Amino acid sequence: MKISEAFILSIDKNYSRQSLETFYKNILIHFLLENESFIKNQGLKLDILSKKKLVKEDFLILFSYILYNREIFDKLLSYLPKTINKILHFLLFEGAKEYKELVEKFPDFKGHCKIVGENLIIEPECLILPHKKEDYHAYAWSNRSPNLYFHIPYEIRTHWLTLIPIPEEYKLKPIKGPSANEFILNAEATIISDLPLFISTYLQGDIKYNNHFKAQAGSLNKLRKAGNIQEFFDTDDKELNNVRTIFLAEFLPLIEKKDPPMPEEVPDILIKGLTKMINTHHISPLYHWLRYIKGSVHVKNGYEDHTVIFMMLKMVQNIPTGEWFSYKNIEKYINLNFPKLEPVTQYAATNHLYLDASGGSKYYDRLYISTDHYDLVIRKPLIKGFCFFLASLGLLEISYDYPPDEPQGINQVNRDFISPYDGLSGIRITDLGAYVMGLKKEYTVPEQIQNYTLDIHEEHLLISFSGDNKIIEMFLDKIAVKSGEKRYKVDYASFLKDCKLKDDIHNKIVQFKKIIKSDLPPLWLDFFDDILTRYNPIHKVSAYQIFKIPPQHKALASLIARDEVLKNILIKAEDYHFFIKEKDKSILKSRLSSLGYLMP
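If you're matching positions, the sequence shown starts at 1 in the UniProt record's numbering and goes up one per residue.
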């Protein structure tokens, strides 16, 4: 039997020599002696039993074989105490757990393992369960003590899961659909027509960001109203009323377009945007999506795992397309089949990240996110938030409700809920989502019905427009003045509005030809040619300096007017001002000096 190298390395890394030796001397040697013939029939030589002195390599070879072989592993599990057997299965299915959580679920565990003060008292049979004790420093105000964790490393866990039956609740099982009292958002159809509008708003500079690419509040309201964005929640709550708008606003800078795209371009734009989001780390899921967490700006670069978006995408890609699944079912499936996400290190979370809490000082008004709360405050909301993000782009259809009225599992914070995403109940991958996420090779964009009329006047700079097209309407507001219910008048001032550079004028002309009309009458072509010449019509002459003679020096003014040398180098202006070339400045100083005036 060939054992994978990754499995052996994981045994070596996660079991100390002392743990292996203690387990061997107290448990394993008795198991081997009682089942010697059975084990030999499985191909394992028991030369180790005759060795007087054992090194870690001996234990490593023995343990790797026993824990890798299906039949021997199964027999060993039945040999162990029932509580240890149950806990091992629980860790396999649910992932890493704290000691106190295991004791709550399995009270008998205290008889096998307990913490007394700072000391861990662990019976030999527990040593088959890899464990670790936090040893990183935490600031005093974080109000926490070290925790003991039991976990089965990913390389070992993935193999062990092939050796035991998987409970049905951990397998993906489709449901009929959401219940009647749940909210549903399916933006698959609308994103095709809406994304070009959002991109147009972004390209026109209407969305402002801070230095960390977080969209500013005023810009969010502007985008939501301009795009008539369907939000997840119809509420005035500031944490809930812009959830989808935030996702869209902060995704737009990832789209490499210089002008609004056509609807048929949208699917491939989404692919490129997602790819760039994964590769460039432009979006920090912690900083941009979990806004209720304070202090995230301090950890967004140094302590973050930048693969977390890619890992969450892989999770979603494993869900069958086109069918509804409850999120509880998906969560169990993810816990079973993927390593636990750690978007930011436990150290950084404990020492830098916090929620507003009730207290009496600067630091005690903060509930730092210890390992007790990491799952609840960071890991679970992030995966749910990613589903909301994909739903914002029409890649998922989701069912959800408002977050619970009280934070579940944490009661010392000044919040009505933990995250906006807590009410997620179900998801379905849309056809668009299947294509964008690489689960489907083709996608046909639904035909877009044109429900507007647009006419360019040939003899006047007038545009007639009626109907419904937000992109055209927004663009006309940028370049023209409304002169009637359906008529827009263009002139130099209206077209140059908001332009600062020649490139801004040029880009407006390009957008005009794409959004309004490309085949233009001569009048319009002449207008565009002429307007480009109107940039920077007045040039600053750096070769000259301007000076002024104070009113009290009227004699000097008269002298300058009469002096032949000064008359040749000075240009008179109004109100005792005069210009002089830089190269003649030394002549001016010398001549004034000879006339009894000192110029510094």
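Each residue gets a CB set at the ideal place from its N, CA and C atoms; glycine is no exception. All values derive from a computational prediction rather than experimental measurement.
Within 10 angstroms of its Cβ, does residue i collect 16 or more other Cβ (buried), or is it exposed?
i, result
"Leu395", "buried"
"Met599", "exposed"
"Asp503", "exposed"
"Arg224", "buried"
"Lys262", "It is worth fixing the name first, because residue 262 is Met in this sequence and not Lys. Met262 comes out exposed."
"Gln448", "exposed"
"Gln18", "exposed"
"Asn469", "buried"
"Asp422", "buried"
"Gln216", "exposed"
"Glu168", "exposed"
"Lys508", "buried"
"Pro381", "buried"
"Ser586", "exposed"
"Arg366", "buried"
"Glu5", "exposed"
"Ser361", "Below a pLDDT of 50, predicted positions are generally treated as unreliable, and Ser361, at 46, falls in that range; the measurement from the model is reported next regardless. Per the 10 Å Cβ criterion, exposed."
When you compare only the Cα positions, how much space is there between residue i and residue j?
i, j, result
"Phe59", "Leu20", "6 Å"
"His352", "Ser37", "56 Å"
"Lys2", "Ser193", "55 Å"
"Phe7", "Ser64", "7 Å"
"Ser593", "Ala573", "23 Å"
"Asp584", "Pro550", "21 Å"
"Lys173", "Asp375", "24 Å"
"Met437", "Glu188", "14 Å"
"Leu91", "Glu57", "27 Å"
"Lys482", "Ile207", "24 Å"
"His212", "Leu525", "41 Å"
"Tyr402", "Pro130", "39 Å"
"Thr307", "Leu274", "13 Å"
"Asp237", "Leu313", "29 Å"
"Thr345", "Tyr303", "6 Å"
"Phe465", "Ile569", "60 Å"
"Glu94", "Tyr154", "12 Å"
"residue 601", "Asn451", "Because residue 601 is not part of the residues shown, which for the chain are 1 to 600, the question remains open."
"Asp74", "Ile164", "8 Å"
"Tyr435", "Lys441", "6 Å"
"Lys51", "Ile334", "44 Å"
"Ala480", "Ile369", "53 Å"
"Ile229", "Thr245", "7 Å"
"Lys13", "Ile156", "11 Å"
"Ser326", "Ile319", "11 Å"
"Pro79", "Phe31", "The question names Pro, but residue 79 in the sequence shown is Tyr. Those two C-alpha atoms are separated by around 7 Å."
"Leu203", "Asn210", "17 Å"
"Ile472", "Ile515", "6 Å"
"Leu254", "Ile199", "10 Å"
"Asn35", "Leu88", "22 Å"
"Lys332", "Thr321", "18 Å"
Keeping to the same chain, check which residues put their C-beta closer than 8 Å to that of residue i; ignore five residues upstream and five downstream.
i, result
"His112", "Pro81, Thr83, Ile84, Ile122, Glu123, Glu125, Cys126"
"Leu54", "Glu21, Tyr24, Ile48"
"Glu182", "Ser399, Tyr400, Asp401, Ser425, Gly426"
"Arg591", "Asp563, Val565, Leu566"
"Lys486", "Ser464, Phe465, Ser466"
"Ile309", "Met277, Ile278, Ile283, Pro285, Phe386"
Go through its chain and collect everything with a Cβ distance to residue i's Cβ below 6 Å, but skip five positions before and after it.
i, result
"Glu397", "Asn186, Arg428, Thr430"
"Lys517", "Ile456"
"Leu390", "Leu396"
"Phe247", "Phe389, Ser392"
Name the DSSP beta bridge partners of residue i, please?
i, result
"Tyr24", "In the DSSP output, where bridge partners are listed per residue, Tyr24 has none listed."
"Trp524", "Paired residue(s): none; Trp524 is not in a bridge."
"Trp324", "Ile175"
"Asn41", "Partner(s): none; Asn41 has no beta bridge."
"Val266", "According to DSSP, Val266 bridges with nothing at all."
"His539", "Note: His539 sits in no beta bridge, so no partner."
"Phe475", "Looking at the DSSP assignment, Phe475 forms no beta bridge with any residue, so it has no partner."
"Glu98", "Tyr149"
"Phe247", "DSSP, once it has assigned bridges, lists no residue as partnering Phe247."
"Leu120", "Ile115"
Between which residues of its own chain and residue i is the CB-CB distance below 7 Å, once the five residues before and five after are set aside?
i, result
"Gln42", "Asn69, Glu71, Ile72"
"His159", "Phe7, Tyr68"
"residue 602", "Outside the displayed range of the chain (1 to 600) lies residue 602, so it cannot be described from this structure."
"Pro446", "Ala189, Ile192"
"Phe527", "Leu461"
"Leu76", "Phe31, Ile66"
Within 8 Å of any Cβ in chain C, is that where the Cβ of residue i sits?
i, result
"Gln230", "No chain C is part of this structure, which consists of one protein chain only."
Exercise for the section: Go through the region 384-430 residue by residue and report every complete run of the beta strand (DSSP E) that reaches 3 residues or more, in order. Expected result: Every beta strand (DSSP E) stretch that sits fully inside the region 384-430 and reaches 3 residues is listed by chain position as 396-400, 424-429.
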